[in-house]
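Okay, so here's the structure we're looking at.
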Amino acid sequence: MLNYYEILGLNTSATDSEIRRAYRILARRYHPDLNPDKHESEKFKLIAQAYDTLNNAEKRKQYDIDLDNFLQQSFQEKINAYKKRQEASDKAANTRARERYFKAQQADIEAMKHLHEMKNKAQQKGDEITNKVKKLGQPVLSNVVSKLRNIRKGKSNTPKQQLPVPFQIIEISVSVPEAIFGVRKAVELSDGNRKINVKIPAGVYPGTILKLRSDNRNLVAIIRVARHPFISMHSKGIVVEMPVTIAEAIQGATIKVPTLEEAILLKVPPGTQSGTELRIRGKGVRNNESRGDLFARIMIQVPSDTERPGLKDKAELFKADYDQGVRKSMPDNLGNLIE
283 MLNYYEILGL NTSATDSEIR RAYRILARRY HPDLNPDKHE SEKFKLIAQA YDTLNNAEKR
343 KQYDIDLDNF LQQSFQEKIN AYKKRQEASD KAANTRARER YFKAQQADIE AMKHLHEMKN
403 KAQQKGDEIT NKVKKLGQPV LSNVVSKLRN IRKGKSNTPK QQLPVPFQII EISVSVPEAI
463 FGVRKAVELS DGNRKINVKI PAGVYPGTIL KLRSDNRNLV AIIRVARHPF ISMHSKGIVV
523 EMPVTIAEAI QGATIKVPTL EEAILLKVPP GTQSGTELRI RGKGVRNNES RGDLFARIMI
583 QVPSDTERPG LKDKAELFKA DYDQGVRKSM PDNLGNLIE
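In the working numbering, the protein residues as written are 283 to 621.
Structure follows, in structure tokens:
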């Protein structure tokens, strides 16, 4: 399923004006009259298709529902794949447990036969040897005989390998603040008869797996994190999208970045590209006595009013500053990447 928001370079929370502005910018860039290339023309069609859907309130509402269902289905496929791997692992563990158990019983029987042979040989060699065998072997023999009796009764002193406990996969959704600071959640199990309290640790991100246990049952919790306008959670830390102007990206700038405590000043190097992530060490999630990192993802923002007098003339001046086409290194067909 096509993600129209990504095609227009927007978040799902984009306003109507942001959608129109993004469309105007991209439509000019990829319009067939300005870019006769076939691939550029296909890109323009996708942009128009995305705008036609997102600019209509009813179409956008239905599309958001379809997109969410698609993402949930993709997420469910991940859960199913995990479940299959777990079932295969449990089956292998089950087989190994039975093999170990029967090997232990066979060893007991072999030991008993061996001790009986020792006793018979000792009786043939005289009382002195017999007494030694009795002193040394009788306790072991008694133990083996006792084990065999227990086996006949359905019991055994040989420790049995615990068979794998059944498990259940649950999905837990949290907000970005809950993912950052941690939270306790009441989660209803699939049988619908009861709920359990689950402690979500600070710093979880989409796809985090928590292994839990409740009433002799293993639970596997997979975390989903709700979308946020400018914050996202990753395994490496918190990522905050920071808008900068074209001039700030070219010349470099010092910008104010919000953290979990107070805002700090961050130096953006000259020539920083959109999407560049600048690490801020020790300002991320607090974990016990340590702190994770926070990343400022630089997002170059063009002027919102593209019809302002003189703006297009200024934009034309940038063309001479590019040594080659910015898309020169891009392939014509993504299928070539797998060859």
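Think of the CB as a built atom: it goes at the ideal place given N, C-alpha and C, for glycine as much as any other residue.
(message) Looking at the strands, I want to know which residues DSSP matches up with H516.
(response) Within the sequence shown, the letter at position 234 stands for residue 516. DSSP output for H516 lists G519 as bridge partner(s).
(message) Quick check: what's the CA-CA separation for I454 versus V469?
(response) To locate residue 454, count along the sequence shown from 1; it is residue 172. To locate residue 469, count along the sequence shown from 1; it is residue 187. Spanning the two alpha carbons is a distance of roughly 8 Å.
(request) Return yes when the Cβ of Q450 is within less than 9 Å of the Cβ of V502, no when it is not. (result) Within the sequence shown, residue 502 is the residue found at index 220, counting from 1. Within the sequence shown, residue 450 is the residue found at index 168, counting from 1. Going by C-beta atoms, V502 is nearer than 9 Å to Q450.
(request) For M612, count neighbouring Cβ atoms within 10 angstroms of its own Cβ and tell me buried if that reaches 16, exposed if not. (result) Numbered from its first residue, the sequence shown carries residue 612 at position 330. Per the 10 Å Cβ criterion, exposed.
(request) Could you tell me the boundaries of the alpha helix (DSSP H) in which D237 lies? (result) Since the first residue shown for the chain is 283 and the last is 621, residue 237 is missing from the structure and cannot be characterised.
(message) Taking the straight line between their C-alpha atoms, what separation do you get for Y286 and L599?
(response) As a first step, residue 286 is located in the sequence shown; it is residue number 4 there, counting from the start. As a first step, residue 599 is located in the sequence shown; it is residue number 317 there, counting from the start. Rounded to whole angstroms, Y286 to L599 spans 31 Å at the Cα level.
(message) Spatial neighbours of G566 within its chain, please: C-beta separation below 7 Å, excluding the five flanking residues on both sides.
(response) Here residue 566 refers to the residue found at position 284 of the sequence shown. Here the set comprises G519, I520, R573, G574, D575 and L576.
(request) Could you tell me the boundaries of the beta strand (DSSP E) in which R466 lies? (result) Reading the sequence shown from its first residue, position 184 is the one you call residue 466. Note, R466: beta strand (DSSP E), V465 to E470.
(request) Alpha carbon to alpha carbon, how far is L316 from R310? Give it in angstroms, no decimals. (result) Taking the first residue of the sequence shown as position 1, residue 310 is located at position 28. Taking the first residue of the sequence shown as position 1, residue 316 is located at position 34. For R310 and L316, the distance between alpha carbons rounds to 8 Å.
(request) Could you pull out every residue in the same chain whose Cβ sits closer than 6 Å to the Cβ of A484, ignoring the five residues on either side in sequence? (result) As a first step, residue 484 is located in the sequence shown; it is residue number 202 there, counting from the start. The beta carbon of A484 is closer than 6 Å to those of F463, G464 and V567 in its chain, skipping five residues each way along the sequence.
(request) Assuming I537 and V550 form a contact by the criterion Cβ under 8 Å, report the distance between their Cβ atoms to the nearest whole angstrom. (result) Residue numbering aside, residue 537 sits at position 255 when the sequence shown is read from its first letter. Residue numbering aside, residue 550 sits at position 268 when the sequence shown is read from its first letter. Going by Cβ atoms, the distance from I537 to V550 rounds to 6 Å, so yes, they are a contact pair.
(request) Could you name the residues that DSSP lists as bridge partners for T536? (result) Here residue 536 is taken as the residue at index 254 of the sequence shown, counted from 1. In the DSSP output, where bridge partners are listed per residue, T536 has K549.
(message) In the DSSP output, which residue or residues are listed as bridge partners for P525?
(response) In the sequence shown, residue 525 corresponds to position 243, counting from 1. Its beta-bridge partners are M581.
(request) Mind checking who K643 pairs with in its DSSP beta bridge? (result) Not covered by the structure: residue 643. The range shown for the chain is 283 to 621.
(request) Would you tell me roughly how many angstroms separate the C-alpha atoms of F326 and I505, rounded to the nearest one? (result) Start at 1 with the first residue of the sequence shown, and residue 326 comes out as number 44. Start at 1 with the first residue of the sequence shown, and residue 505 comes out as number 223. One C-alpha to the other measures close to 37 Å.
(request) Could you check what DSSP says for L542 in three-state terms: helix, strand or coil? (result) Here residue 542 refers to the residue found at position 260 of the sequence shown. Per DSSP, reduced to three states, the secondary structure at L542 is coil, with no helix or strand assignment.
(message) Rounded to the nearest angstrom, what separates P308 and K493 at their Cα positions?
(response) Numbered from 1 along the sequence shown, position 26 holds the residue referred to as residue 308. Numbered from 1 along the sequence shown, position 211 holds the residue referred to as residue 493. Looking at the sequence shown, residue 308 is not Pro but Leu. For L308 and K493, the distance between alpha carbons rounds to 45 Å.
(request) Could you say which of V507, I452 and I546 lies nearest to I478 if we only look at CA atoms? (result) Translated into the one-based positions of the sequence shown, residue 478 becomes position 196. Answer by Cα proximity: I452.
(request) At 4 residues or longer, and completely inside the region 288-338: list those alpha helix (DSSP H) runs for me, N to C. (result) The DSSP assignment places complete alpha helix (DSSP H) segments of no fewer than 4 residues inside the region 288-338 at 298-312 and 320-336, in order along the chain.
(message) Measuring only the C-alpha atoms, how far is R509 from V458?
(response) Walking along the sequence shown from the start, residue 509 turns up at place 227. Walking along the sequence shown from the start, residue 458 turns up at place 176. Going from the Cα of R509 to the Cα of V458 covers about 7 Å.
(request) Assess, as a yes-or-no matter, whether the region 538-549 is touched by the region 326-335 under the definition of 3 or more beta carbon pairs within less than 8 Å. (result) Per the Cβ contact rule, the region 326-335 is not in contact with the region 538-549 (fewer than 3 Cβ pairs under 8 Å).
(request) Could you give the DSSP three-state label for R563: helix, strand or coil? (result) Counted from its first residue, the sequence shown places residue 563 at position 281. In the structure shown, R563 sits in coil (DSSP, three-state: anything other than H, G, I, E or B).
(message) Taking its Cβ as the centre, do 16 or more other Cβ atoms sit within 10 Å of L284, making it buried, or is it exposed?
(response) Within the sequence shown, numbered from 1, the residue matching residue 284 stands at position 2. By the neighbour-count rule (16 or more Cβ atoms within 10 Å), L284 is not buried but exposed.
(request) Using beta-carbon positions only, say whether P488 and V507 come within less than 9 Å of one another. (result) Counting from 1 along the sequence shown, the entry for residue 488 is found at position 206. Counting from 1 along the sequence shown, the entry for residue 507 is found at position 225. Yes, they are a contact pair.
(request) Over the uninterrupted beta strand (DSSP E) stretch that includes K481, give me the two end residues. (result) As a position in the sequence shown, residue 481 is number 199, starting the count at 1. K481 -> beta strand (DSSP E) spans K477 to I482.
(request) Note down the Cα distance separating T541 from T294, rounded to an integer number of angstroms. (result) Along the sequence shown, one-based indexing puts residue 541 at 259. Along the sequence shown, one-based indexing puts residue 294 at 12. Each residue's alpha carbon lies about 23 Å from the other.
(request) Output the distance between the C-alpha atoms of Q344 and D298, rounded to the nearest integer angstrom. (result) Start at 1 with the first residue of the sequence shown, and residue 344 comes out as number 62. Start at 1 with the first residue of the sequence shown, and residue 298 comes out as number 16. Q344 and D298: Cα-Cα distance of roughly 16 Å.
(message) Could you check whether I582 and A531 sit closer than 9 Å to each other, using their CB atoms as the reference points?
(response) Position 249 of the sequence shown, counted from the first residue, corresponds to residue 531. Position 300 of the sequence shown, counted from the first residue, corresponds to residue 582. Going by C-beta atoms, A531 is nearer than 9 Å to I582.
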